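A.B. asks:
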């Protein structure tokens, strides 16, 4: 067996249409050409699904923040705040990157991220 990549990141939701609107209209991800509930950030697919429709309990994804790359975290954060997105805390500067943590409408953790230090 050889794992060769990630096919998608599952996004649990209680309302797939609301989530789709958030990921496409608020975050600006591009709609998937092959599935209504697929949204793309670069080459990464976010697949929205409703656990209740599969007989499972809904639980938001916590503490595994997908790091959404932006060129300027402060500017992207300001744009999202203007759209009503609330951030969990001040933007972090780790010494190599900036990170700003927030959630989608279902409480799934997300992060704006920009690495400014070169890889060594």
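Residue numbers (our numbering): 1372 to 1491. No residue lacks a Cβ here, since even glycine has one placed at the ideal position from N, Cα and C. Being a predicted model, the structure only gives us computed values, none of them experimental.
Quick check: the Cα distance between residue 1399 and residue 1491, rounded to an integer number of angstroms?
C.D. replies: Spanning the two alpha carbons is a distance of roughly 32 Å.
A.B. asks: I'd like to check one pair, residue 1479 with residue 1422: are the Cβ atoms closer than 8 Å?
C.D. replies: Not closer than 8 Å, so no.
A.B. asks: Compare the C-alpha of residue 1485 against each of 1444, 1459 and 1460 and name the closest.
C.D. replies: Nearest of 1444, 1459 and 1460 to residue 1485, Cα basis: 1444.
A.B. asks: Using 10 angstroms around the beta-carbon of residue 1456, count the other beta-carbons present and answer buried if the total reaches 16, otherwise exposed.
C.D. replies: Per the 10 Å Cβ criterion, buried.
A.B. asks: What is the DSSP secondary structure of residue 1400, counted as helix, strand or coil?
C.D. replies: It is coil, neither helix nor strand.
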